[in-house]
Structure formats: C-alpha cells, structure tokens
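Numbering (mature numbering (1 follows the signal peptide of the UniProt record, and there is no 0)), first residue to last: -28 to -1, 1 to 166.
The structure is reproduced here in structure tokens:
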C-alpha cells in the first residue's frame, strides 16, 4: 500500500472507533466496552427467516366414518399423508373403497393431532362401524381385533390377515398405533359388511 493510503486507512479506523465506541468511564475496560459495540455494529445482517410453506390442502372428503358405540364421526380422506391421519381417517391407496368387495383399509392417529382413532382400540366384536360415502351407507360389524407388527402387510390383503389375494367378502380394516403414545405395534380392527 502507498504511505498516503495507509495513513488514510488508519485515520478512518480511528474515526470509526471514536464515533462508534462510547467514551470510557473511570475504571471501565475499554476493550470490552468497544468490542461489544463494534461486534454488534458490524455483525452480518441476520438471514431472512424462511417463509413457512403453506401446508398442502387436505384432499376432498371421501366420506364419513362413524363408530356407533362412541357416537364418534370422523371424515375420511383419500391417502395416508400426515395431515389426513391427524384430522380424520386416511384411506390406504390401492385397497378397496368402502362398500366394494375386498378390504377397505383406513388409518388414523390414536393420540396425536385430533386423535381421530382414539376409540378404535376399544372396539369389540359385534360393534357396528358405519361408512357414509355420498348417499350410500355401509354398515360393518367388528369381527376381530389384533395387535400386530407394523411391517405385517397381510392387514392390507383383500381378506385381512391372509397372504393370498382371494377376496372372500367386504371388509373394513381400521389401523392405529399401539401401545398408546407409541408406534411399536398396531391395533388392527377388522369389520365385515353386514
């Protein structure tokens, strides 16, 4: 650097120090008094906060699930995305639509969000579960309840818990986590159309 430039730079630094730093008071530590102010004055501007993405809109309501014994009604939506399961029942893609031959599988949360499947573990054989889709109403009677491993894919079979692909009736399978507050296992309630 040329001597003139060095002197001009030194003068600029001195001028900044006097304009930014407060005058020291008796017994004050000049280094800490000025360092904090300079650090604040020359700190990089905070990064703009990320604008939260709007949550994806919920799919249109497919129908309504009613657990008669509990006088509980929950919306049914197509798909098992987290927002579907927290606000009602999610229809598992690729399984039968309620009212059609085969196994219509619905999933929902037991304890989180709005806990739409909070009463599913308390269903008993003989309880009536109703699905309303448009003007059509389908009544199912609970025939079994099991605790199973989350990897058990036979719950999705056309006839629940059978490994073959034969359809032997119209089933509604309700699945939620077990035990309460955990996802180690699943409670699976199977109901058959009356």
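Where is the CB? At the ideal position from N, CA and C, for every residue including glycine. Since we're looking at a predicted model, the values are computed, not measured.
Rounded C-alpha distance that separates residue i from residue j
i           : j           : result
residue 137 : residue 127 : 12 Å
residue 43  : residue 94  : 13 Å
residue 46  : residue 86  : 10 Å
residue 148 : residue 97  : 17 Å
residue 56  : residue 50  : 8 Å
residue 101 : residue 133 : 19 Å
residue 12  : residue 66  : With a pLDDT of 37 at residue 12, under the threshold of 50, the predicted position of this residue should be treated as unreliable, and no value is reported.
residue 104 : residue 139 : 22 Å
residue 117 : residue 34  : 25 Å
residue 146 : residue 92  : 7 Å
residue 143 : residue 99  : 14 Å
residue 32  : residue 71  : 18 Å
residue 124 : residue 107 : 34 Å
residue 73  : residue 131 : 10 Å
residue -20 : residue 54  : Annotation note: pLDDT 48 at residue -20 (below 50); position unreliable, coordinate value reported separately. So the two alpha carbons sit approximately 59 Å from each other.
residue 40  : residue 165 : 15 Å
Cβ neighbour criterion (16 or more within 10 Å) applied to residue i
i           : result
residue 150 : buried
residue 61  : buried
residue 4   : Caution is warranted here: a pLDDT of 36 is assigned to residue 4, below 50, making its placement in the model unreliable, and the coordinate value is therefore given only provisionally. Exposed, since its Cβ has fewer than 16 Cβ neighbours within 10 Å.
residue 88  : buried
residue 191 : Because the chain here runs from -28 to 166, residue 191 falls outside it and cannot be looked at.
residue 82  : buried
residue 48  : buried
residue 84  : exposed
residue 163 : buried
residue -5  : Note that residue -5 has pLDDT 45, beneath the 50 cutoff, so the model's placement of it is unreliable and no number is given.
CB-CB length for residue i against residue j, believed under 8 Å
i           : j           : result
residue 129 : residue 75  : 6 Å
residue 114 : residue 161 : 6 Å
residue 78  : residue 37  : 6 Å
residue 122 : residue 90  : Wrong, their Cβ atoms sit about 19 Å apart, outside the cutoff.
Unbroken alpha helix (DSSP H) run spanning residue i, endpoints
i          : result
residue 57 : 54 to 58
For residue i: DSSP bridge partner residues
i           : result
residue 46  : 37
residue 111 : 102
residue 118 : 160
Beta strand (DSSP E) segment containing residue i, residue limits
i           : result
residue 75  : 74 to 79
residue 164 : 157 to 165
residue 145 : 142 to 150
residue 61  : 61 to 63
Residue i: CB within 7 Å of a non-hydrogen atom of the ligand GDP
i           : result
residue 158 : Looking for the ligand GDP in the displayed structure turns up nothing, as the structure carries no ligands at all.
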